[in-house]
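Here's the structure, in structure tokens; my notes come after.
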Amino acid sequence: MAKYEVNEAALQRARQLIASKQYVLDSDWGDVQPRADTENAFLDKHSWDEYASWYLGLTDGASAETKARYAFAYGDLRRLHRSGLIACVYRAAEWRHKAIELAAHNLLQELDAAAGIK
């Protein structure tokens with residue numbers, strides 16, 4: 049099973065998106081999560097660092113500047129999605145990636161507080 053470390057740049061980016069209200073509270077993650085063609089189009093116009101900032105996990109042992117390096121997307125490459133954070137929490141918990149699970153959970157709590165969700 050792959051191992052992941054928390055991507056601190058992604059945490060910072062997610063917090064910036066929350067602070068600037070660049071988020072979607074209600075979406076179907078299965079419909080909005082980035083697909084390969086969307087990721088490729090993004091990479092045509094943006095740096096790998098910008099791409100990486102949309103993924104909470106860094107895959108141990110994967111080469112830099114490859115899609116395999118980045119896991120646990122939380123947004124659609126434009127906005128943070130609450131459903132994306134929930135998917136990260138669930139998937140990380142399911143596969144026992146505790147650091148990713150907690151990072152996503154904490155972001156979810158920050159988002160809910162900022163959005164007034166009680």
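Just so we're aligned: the sequence shown equals residues 49 to 166 in the working numbering.
Each residue gets a CB set at the ideal place from its N, CA and C atoms; glycine is no exception.
Every value quoted in this text rests on a predicted model; they were computed, and no experiment measured them.
C-alpha of L106 to C-alpha of L155: approximately 17 angstroms in a straight line. For A110, there is no enclosing alpha helix (DSSP H), as DSSP marks it with neither H nor E. Beta-bridge partners assigned by DSSP to E53: L106.
Residue pairing by DSSP puts Y71 in a beta bridge opposite L128. Excluding residues up to 5 positions away in sequence, N55, A57, A58, L106, R117 and Y118 lie with their Cβ nearer than 8 angstroms to the Cβ of A100 in the same chain. In the same chain as E53, and ignoring 5 residues on each side of it, the C-beta atoms closer than 6 angstroms to its own belong to L106, in chain order. Cβ atoms of L128 and Q81 stay farther apart than 8 angstroms, at about 12 angstroms. With a cutoff of 7 angstroms on beta-carbon distance, I148 and A135 are scored as not near each other.
Beta-bridge partners of G123 (DSSP): L128.
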